[in-house]
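Below is one structure, written out as structure tokens; the observations come after it.
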Amino acid sequence: MFHKRAWFSNISVTMNDEELFKYQSDNGICYAQTLLITEVFLKKEKSLHLALVQCNIPERFEEILFESLRNEDSDVENLQNEDSNIERLQNEDLDVRSESSRNENSDVEEFPNEFYADLITLVTKYNLNNKAGNAIIKFFNKHSNLSIFPLPKNIETGRKYMDKMNLSRLLYYKHRILVHNNKEYFINYQPVIKCIENLLSNPEISQLFVYDYKKLEIENEQSYGEQYTGNWWKKAKESIPSIAHILSIILYSDATTTDTLGKGSLHPIYISLGNIPTWKRNKEDAKQLLGYLPILSVKDEREKKSSEFKKLVRETFHNSIKFLLDPLFTNDDDDGDGIELKIDNEIFWFFPRVSTIICDWPEACTFSLTYKSTNSNYPCHFCLVSKENLNNTRLRDDQMVLRNKENMLQYYNNGTTEKASLEPVFNYFWNIP
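Each step along the sequence shown adds one to the number in the numbering used here, with nothing skipped, and position 32 is 13.
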């Protein structure tokens, strides 16, 4: 778009993250609204910086430009004076300075105030450089009319403060799950308990968090609107100590293509909690990225179609799920130890239960280890109704056998998995409550 403008010609462009407030080419200077920062190389000239801009040029553009250039020196002087005034006033900000000083050599868990947190979030989310961040601070201090400035002296100070924050719950780790064809495959993950703690550290979630079964009735008739109003929750609660609570685990999983050619892909898995009301659980902050599952590659098409490779893919998937979720269940023996979690500075005793897995058809087959073909004898993930009877609304109760870990494990142990359209691979979920 630049070559069509009179003031932009004979240029080539590469990306750069520097920011300027005026943009120059071989034909002069243009002032505009910045959309994207670039670096410009002019013929026989030093490289300049340019931006993808939105230009709304008034009729008096040349007059305005001349006036702005004439006043440039005085503007710089005013900015310098403003800098000194802001620095003097910010030295009076005892709250922020004392907070920074107090935490200089120790980890901190939160920002000094909401303004401070919002600024750092803005700078981080949009990857703003220090110059842009400092401009925001100056703008805020100039127009806020506050007697005490709540923002850091500059963005560099804010970044150093953030580096001292205790963000261990946000750290991701790497674990090797297998070696195939001389290639190592890893899970990049965040510990599941840390994910849950991170969710519960959100005040909006902790205030809405539901601990126990709730019976919902409308006009004297039992109704079901949330997980914790269902019969499943009631039965699960009856199976644990009376002073403990159910922690409902919800998993989201879907392999995702990451490029337009379809050659790159990732397999993220997310976690949420059924203790959170549905309307809140559908919000972005009510989910945590648990990790990325490994995606195995093949050396040729023959290996891809082999039964050995398909079995390896399924085994790797369930070994990965086991690695991710085991910390929730390693203490869950017959006596029942469960896990302890802190919510609003109070310790609660929970028994985790995987209640829901949200995924598409191929992933559902991988989770349940049922055949992926819809033409299999028993294609449903939930029941053992034959494909011929799936549309039969007059089946008797004894003809509608549900799949559960007991009967599926029996097929597996007996070596008769094909009779249930089940893959001959051990399912991790058979081993947990």
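Don't be surprised by glycine CBs; every beta carbon is placed ideally from N, CA and C.
For this session: Compute the beta-carbon to beta-carbon distance between residue 97 and residue 133, rounded to the nearest angstrom, for a pair I have assumed lies under 8 Å.
Result: Residue numbering aside, residue 97 sits at position 116 when the sequence shown is read from its first letter. Residue numbering aside, residue 133 sits at position 152 when the sequence shown is read from its first letter. The pair is a contact, with the Cβ atoms about 7 Å apart (cut-off 8 Å).
Problem set entry | Supposed contact pair residue 340 and residue 235 - C-beta distance, whole angstroms, cut 8 Å | In the sequence shown, residue 235 corresponds to position 254, counting from 1. In the sequence shown, residue 340 corresponds to position 359, counting from 1. About 6 Å; that satisfies the 8 Å criterion.
For this session: On a CA-only basis, which of 400, 386, 285, 329 is nearest residue 360? Give me that one, please.
Result: As a first step, residue 360 must be located in the sequence shown, where it is residue number 379. Among 400, 386, 285, 329, the Cα nearest to that of residue 360 is on 400.
For this session: Give the DSSP-derived three-state secondary structure of residue 115 in the structure shown.
Result: Looking up residue 115 in the sequence shown gives position 134. Looking at residue 115 - three-state DSSP - the assignment turns out to be helix.
Exercise. Can you list, in chain order, the residues of its chain whose CB lies under 6 Å from that of residue 238, leaving out five sequence neighbours each side?
Worked result: As a first step, residue 238 must be located in the sequence shown, where it is residue number 257. Excluding residues within five positions, the ones whose Cβ falls inside 6 Å are 246.
Problem set entry | Proximity of residue 226 and residue 331 at Cβ, strictly below 7 Å | Position 245 of the sequence shown, counting from 1, holds the residue named residue 226. Position 350 of the sequence shown, counting from 1, holds the residue named residue 331. For residue 226 and residue 331, yes; Cβs fall inside 7 Å.
For this session: Assess, as a yes-or-no matter, whether the segment 248 to 257 is touched by the segment 361 to 371 under the definition of 3 or more beta carbon pairs within less than 8 Å.
Result: no
Exercise. Does the distance from the C-beta atom of residue 310 to that of residue 231 stay below 7 Å?
Worked result: The sequence position of residue 310 within the sequence shown is 329, counting from 1. The sequence position of residue 231 within the sequence shown is 250, counting from 1. Their beta carbons are not under 7 Å apart, which means residue 310 does not touch residue 231 by this criterion.
Exercise. If you count every other CB in all the chains shown that lies within 10 Å of the CB of residue 154, and 16 or more means buried, which is it?
Worked result: As a position in the sequence shown, residue 154 is number 173, starting the count at 1. Looking at its Cβ environment, which holds fewer than 16 other Cβ atoms inside 10 Å, residue 154 is exposed.
Exercise. Where do the N-terminal and C-terminal ends of the beta strand (DSSP E) with residue 253 fall, by residue?
Worked result: Residue 253 sits at position 272 when you count from the first residue of the sequence shown. Element bounds for residue 253: 249 to 254.
Exercise. What number of angstroms, rounded off, separates the C-alpha of residue 385 from the C-alpha of residue 179?
Worked result: Against the sequence shown, residue 385 aligns to sequence position 404. Against the sequence shown, residue 179 aligns to sequence position 198. Near 32 Å, if we compare the C-alpha coordinates of residue 179 and residue 385.
Exercise. Should the segment 266 to 285 be called in touch with the segment 165 to 174, which here means at least 3 C-beta pairs below 8 Å?
Worked result: yes
Problem set entry | Proximity winner among 131, 224, 182, relative to residue 319 (alpha-carbon distances) | Translated into the one-based positions of the sequence shown, residue 319 becomes position 338. When each option's Cα is compared against that of residue 319, the closest is 224.
Problem set entry | Rounded distance between the beta-carbons of residue 294 and residue 305, thought under 8 Å | Taking the first residue of the sequence shown as 1, we reach residue 305 at position 324. Taking the first residue of the sequence shown as 1, we reach residue 294 at position 313. So it is not a contact: roughly 17 Å between Cβ atoms.
For this session: Helix, strand or coil for residue 169, going by three-state DSSP, please let me know.
Result: Within the sequence shown, numbered from 1, the residue matching residue 169 stands at position 188. Reduced to three states, the DSSP call for residue 169 is strand.
Problem set entry | Pairwise C-alpha distance: residue 141 and residue 392 | Stepping through the sequence shown from its first residue, residue 392 is reached at position 411. Stepping through the sequence shown from its first residue, residue 141 is reached at position 160. Roughly 58 Å separates the two Cα atoms.
For this session: State buried or exposed for residue 409, treating a residue as buried only when at least 16 other CB atoms are found within 10 Å of its CB.
Result: In the sequence shown, the residue the question calls residue 409 occupies position 428. It is buried - the Cβ of residue 409 has at least 16 other Cβ atoms within 10 Å.
Problem set entry | First through last residue of the alpha helix (DSSP H) which encompasses residue 294 | Here residue 294 refers to the residue found at position 313 of the sequence shown. Looking at the DSSP string, the run of the alpha helix (DSSP H) that includes residue 294 is 288 to 310.
For this session: Taking residue 189 and residue 261 to be in contact with their CB atoms under 8 Å, please state how far apart those CB atoms are, rounded to whole angstroms.
Result: Counting from one through the sequence shown, the residue named residue 189 turns up at place 208. Counting from one through the sequence shown, the residue named residue 261 turns up at place 280. With 8 Å as the limit, residue 189 and residue 261 qualify as a contact, their Cβ atoms being about 5 Å apart.
Problem set entry | Nonlocal neighbours in the same chain, by C-beta distance under 7 Å from residue 57, ignoring five residues either side | Counted from its first residue, the sequence shown places residue 57 at position 76. Since pLDDT at residue 57 reaches only 47, below the 50 mark, its modelled position is unreliable, and no value is offered.
Problem set entry | First through last residue of the beta strand (DSSP E) which encompasses residue 328 | The sequence position of residue 328 within the sequence shown is 347, counting from 1. First-last of the beta strand (DSSP E) with residue 328: 327 to 339.
For this session: Look at the alpha carbon of residue 183 and the alpha carbon of residue 383, and state the distance between them as a whole number of angstroms.
Result: Counted from its first residue, the sequence shown places residue 183 at position 202. Counted from its first residue, the sequence shown places residue 383 at position 402. C-alpha separation (whole angstroms): 38 Å.
Exercise. Can you tell me the Cα-Cα spacing of residue 175 and residue 185, whole angstroms?
Worked result: As a position in the sequence shown, residue 175 is number 194, starting the count at 1. As a position in the sequence shown, residue 185 is number 204, starting the count at 1. Distance between the alpha carbons of residue 175 and residue 185: 18 Å.
Exercise. Under a three-way DSSP split, which group does residue 321 fall into?
Worked result: Locating residue 321 in the sequence shown gives position 340, counting from the first residue. Residue 321 falls in the strand class under three-state DSSP.
Exercise. Taking the C-alpha atoms as reference points, what is the distance between residue 423 and residue 353?
Worked result: Because the chain in this structure spans residues -18 to 414, residue 423 falls outside the shown range and cannot be described.
Problem set entry | residue 379 versus residue 371 - alpha carbon distance | Here residue 379 corresponds to residue number 398 of the sequence shown, with the count starting at 1. Here residue 371 corresponds to residue number 390 of the sequence shown, with the count starting at 1. In a straight line, the C-alpha of residue 379 is about 14 Å away from that of residue 371.
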